[in-house]
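Engineer: Protein chains in written order, with the numbering used here: chain D, 237 to 697; chain E, -8 to 369.
Before anything else, here's the structure in question.
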C-alpha cells in the first residue's frame, strides 16, 4: 500500500478510528492485524518472512535473556539470529549479484540466477530485528515475554517498509502506553502526514520525469542536461524519502507513538560527515552502533579508524542495493569521511559567512556527485554521466531552471524551519478544520487523479 | 517535538474507547455545523457564480461522453446530424475531419460544416462527416461506396496534428469502420442510466467540477506531474506532428508520420479525382501555437522541443498534390486580435485542440471567404 494513495488515506482513517474505539486490551492485536493487512495489500505469501523473522528473533532473544552470562547458548542464539536475518537478506537481495560478479571475474557461474522478488521492506525489518537481538545480548534491554510485542515491533505498519529503523526499547513501551486519544498528537500527526504528502506529490514526483528521462537516455543527453537531472534527483530523493518519513512519523503519532526523526536538514550540512549525521539518521546510527563500534570505532588508532569507516560505509552502500555502483557510492562516502577526519574538518565550521558558503557549496556538490552513483543503473552508466558532465558534452538539452528552483525552495524551507512552524500551528489550534481542509484541497485531487503513482525510492531497498 | 502544550483546552484526552469516539463525533457536529453549512454554501455559491459569469464552463468543457451535454445523432452514413433533421441528399460540400470537425463539446448545428452555408455565396448543402479520433485512412474509408451515388462537389478536409499522429500510430492496425462507430454511439445513448450514473453525471456536469478538474490537470502539467512525453513503445501524441523531440523515440518517427499522412492524402486525392470532386485542405492549429500567452498553453507544452512547422509542411504536401490549402492560424490570430486579450479564445477551456462554438463559426467564416474568393477548384 503506497502512502501516496487514496487507499492508504482511507486505511489510516479506519485504523486510527477503530484503534481508539476498541477496548485497551484489544488494541495491540488490532494494530498487529492492521500492520499485516498493510503488508498483505502488497503480497500475502512474502509476509511469511515477517512471521519467520519474528519467530526466530523472539526465540533467540528469549534464549539469550534466560541464559546466564558466559553460557554458550547466548552466543549460539545470537549467531542463529544474525545468520537467519543476514541469510534472508543474502538470499533475496544479494545472491544474484554475487553470482554474476563471481561469474564476471572468474568466468564460472557458481549458481544460476534465482530471480527472486525482493520482499518489501526486507532491508529495514531485518536490521530492526537484528538490533533487538543484539541489544538483548548486550544487556541493554530484556527480551519481551509476549510474542505480540515482538511481532508488532517487526511489523508496525507506519515504519515497516522504509523505516525509520527503530529500536525495540523505543517502540514497544510506547505501544503499551499509547492508551489515550490525545488530540494534540492527533493534530500533529495529521500535520505531518499532509506535509509529507505535499513533499512527495508536489515536489518529489515533479522531479521524477526529468530524472527518468535524462538517466534513461544518458548517451543522448548533454552534459548540462545531466547536471540538471542530477540536481533534480538531489531534490527528488530528499523530498521522496523525507516525505515518506514524515508520513510514517505522522501516522504513528496519530496512534500515539513517537518515532525518531530521520532527517535534520541534511542539505544545509557544511561537511559530508555532518551530512551523514543528518541524512537517514536511523540507518547511520544503526551502522554506527552495531557495525562501526563493533569493529572498534575510533578507539584503535587512526589507520584502523579509516579502515572501519571504509568498511562501514561500503556495507552501508551495499545495504541500499546489490550493485557495484552502490559499493562505489559507499566507498566514495567512506573516502570523503576519512579525508575530512584526516584534515580535521569533519566538525569544523568556518568563521566567515563567505567561507561557510563555500563549504556548503562544496559539500552540496559532493553530495550531488554521490547521487550520480546512487541513481545510475550501473557503474558504467555512472562513469558515462560523470564524463559527459565533466566535458559538458553536447546533446539533448534540458533547462536547469526547474530543478534549481525546487532546490531553492528546499533550502528556504529548511532555513526557515517551516516544517516545525506548520506542525506547531496544527498542534496549537484545535480548530484545525480550515487548515486541514485547505491542505487536503491542495493535495487530494492530485492523489485521487493518480498524479502521484510513483513509488517511494526507498521502497526498492 | 510533540509533547502536549500546557493548559491545552482539549478534554477528550481523558476519555478512551467508543464513548470518546462518539462524544468527539457529536461535539464535532455540534460545534462545526456552521462550518459544514458554510462549506456547502461556498460550493453552491461558486457553482452559481460560474454558471452566471462563465457559462461556457458548464456548457462547453467536454464531459465523459465528450459532447458537452449535447445530443449526438448520426445518419447511417456516420454523419453528425442536427436533432430532428435529415441530412441533405446528397450534400454539395462534405466536411471531413476528426473530432474538431465532428464538434466535440458543441452542438451539431454549431459545427463548422453546418455553419458553412450561412457564409457561402449562393445555395449550398453541407454535411458533417467528422469522426472522433479518426485518422485519415478511417475518415476516407467508405467514401468510395458513398460516392457511387451522386458525389459532393467539394470535400473540405480539416487537418489537425492529432489526425497526422493517428495516421502513423494506427498504420497496419485494424480501425473501427463507420457502421461500428455509429452503432457504438447509439448503443451508449440507449443504455439505461443507473442512479450511480446520474449522480456521477450531476457531479461531472457541474461547472465547479469541470473547473476543478481542468485546473488540477493544468497544475499537474505545471509541476511536471503530467508530461507530454510519448511512450517510445507506442508513440501517440498530438505533438509528434510538430516534430516533438524526445531522445528515446524511434529515429525519424515524425518524418515517417508525415510520409504516411502524405500517402493517405494521395489515396483520398485519387479517389476524389476519379469522382470529379474538388478537395480543399485546411489546417487547424493547436491553441498553444497561437501565442506565447500562458492562457493559450495551460498544459505547459515545452515549445522549444517542437521542431516542425506543421502548417508549412502541410502546405507543401497540398501544393505537391495541387490541392487548394488554407492555414487557419492567421485567421485565428487576427480574430483574437480584434477583441480584448483572453476574451475570445475560440477553444474549449483547458483544451488545446477542440473549438468552442465561436471557433467553429470562425472556421466556417474563414473557409467561406476562401471559397468565395475565386474558383478554388479549377
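Here a beta-carbon is modelled for each residue, glycine too, at the ideal position from N, C-alpha and C.
1. From D:288, D:388, D:355, D:558, pick the residue whose C-alpha is nearest to that of residue 397 of chain D; which is it?
2. Provide the residue span of the alpha helix (DSSP H) that contains residue 363 of chain E, from first to last.
3. Residue 421 of chain D to residue 411 of chain D, Cα distance in whole Å?
4. For residue 628 of chain D, collect the residues of the same chain with a Cβ closer than 6 Å to its Cβ; drop the 5 residues on either side in sequence, then sort them by chain order.
5. Note the first and the last residue of the continuous alpha helix (DSSP H) segment covering residue 156 of chain E.
6. How long is the line joining the alpha carbons of residue 335 of chain D and residue 349 of chain D, rounded to whole angstroms?
7. Given this structure, state the Cα-to-Cα distance separating residue 619 of chain D from residue 591 of chain D, to the nearest angstrom.
8. Helix, strand or coil for residue 195 of chain E per DSSP?
9. Check whether the stretch 341 to 349 of chain E touches the stretch 304 to 319 of chain E, counting contact only when three or more Cβ pairs, one atom from each stretch, lie closer than 8 Å.
10. If you follow the alpha helix (DSSP H) that residue 333 of chain E is in, where does it begin and where does it stop?
11. Do you know offhand how far residue 635 of chain D's Cα is from residue 507 of chain D's?
12. Considering only the alpha carbon of each residue, which of D:572, D:479, D:265 lies closest to residue 499 of chain D?
13. Starting from residue 85 of chain E, trace the alpha helix (DSSP H) both ways and give me its first and last residue.
14. Using DSSP's beta-bridge definition, name the partner residues of residue 297 of chain E.
15. Considering only residues of the same chain and omitting the five flanking positions on each side of residue 256 of chain D, which have a CB-CB separation below 7 Å?
16. Any beta-carbon of chain E closer than 9 Å to the one on residue 438 of chain D?
17. Where residue 306 of chain D and residue 447 of chain D are concerned, what is the direct C-alpha to C-alpha distance, given to the nearest angstrom?
18. Taking residue 646 of chain D as the reference, which of D:472, D:552, D:515 has the closest Cα?
19. Are the C-beta atoms of residue 241 of chain D and some chain E residue less than 9 Å apart?
20. When burial is assigned at 16 or more other CB atoms within 10 Å of the CB, is residue 516 of chain D buried or exposed?
21. My output table needs one value for residue 320 of chain E: the three-state DSSP class, helix, strand or coil.
22. For residue 398 of chain D, name the three-state secondary structure that DSSP assigns.
23. Apart from the five residues just before and just after residue 349 of chain E, which ones in its own chain have a Cβ nearer than 7 Å to its Cβ?
24. For the stretch 352 to 437 of chain D, list the alpha helix (DSSP H) runs that are entirely contained and at least 4 residues long, ordered along the chain.
25. When you compare only the Cα positions, how much space is there between residue 245 of chain D and residue 680 of chain D?
26. Using 9 Å as the limit for Cβ to Cβ distance, is residue 446 of chain D near chain E?
27. Taking a cut of 7 Å between CB atoms, which residues from the stretch 464 to 480 of chain D lie near chain E?
28. With distances taken Cα to Cα, identify the nearest neighbour of residue 262 of chain E among E:116, E:143, E:161, E:82.
29. Under the rule that 16 or more other beta-carbon atoms within 10 Å means buried, what is residue 321 of chain D, buried or exposed?
30. Which two residues bound the contiguous beta strand (DSSP E) that contains residue 118 of chain E?
31. Just confirm the distance between the C-beta atoms of residue 320 of chain E and residue 280 of chain E, as a whole number of angstroms; I'd bet it's less than 8 Å.
32. Could you confirm whether any beta carbon from chain E is found closer than 9 Å to the beta carbon of residue 340 of chain D?
33. With distances taken from CA atoms, which of E:31, E:207, E:71, E:220 is nearest residue 105 of chain E?
34. What residue does the beta strand (DSSP E) around residue 280 of chain D start on, and which one ends it?
35. Chain E beta carbons: is any one of them nearer than 9 Å to that of residue 332 of chain D?
36. Straight-line CA distance for residue 205 of chain D to residue 386 of chain D?
Structural biologist: If we stick to the structure as given:
1. D:355
2. 348 to 363
3. 14 Å
4. Taking C-beta separations shorter than 6 Å and ignoring five residues to either side along the sequence, the partners of residue 628 of chain D in its chain run 459, following chain order.
5. Counting along the chain, residue 156 of chain E sits inside the alpha helix (DSSP H) bounded by residues 152 to 160.
6. 7 Å
7. 31 Å
8. Helix.
9. no
10. Unbroken run through residue 333 of chain E: none, as it is neither H nor E.
11. 28 Å
12. D:479
13. Per DSSP, residue 85 of chain E belongs to no alpha helix (DSSP H); it is in the beta strand (DSSP E), 84 to 88.
14. Beta-bridge pairing by DSSP links residue 297 of chain E to E:235.
15. 417
16. yes
17. 54 Å
18. D:472
19. no
20. buried
21. Taken through DSSP and simplified to helix, strand or coil, residue 320 of chain E comes out as helix.
22. coil
23. 335, 337
24. For secondary structure counted as the alpha helix (DSSP H) over 4 or more consecutive residues, the stretch 352 to 437 of chain D holds these complete runs in sequence order: 358 to 373, 383 to 391, 404 to 413, 419 to 433.
25. 10 Å
26. yes
27. none
28. E:143
29. buried
30. 117 to 119 is the span of the beta strand (DSSP E), which, as asked, contains residue 118 of chain E.
31. 7 Å
32. no
33. It is E:71.
34. Counting along the chain, residue 280 of chain D falls outside any beta strand (DSSP E), and DSSP gives it neither H nor E.
35. For residue 332 of chain D, the answer is no, since every Cβ of chain E falls outside 9 Å of its Cβ.
36. The shown model of chain D, from 237 to 697, leaves out residue 205 of chain D, and the question about it has no answer.
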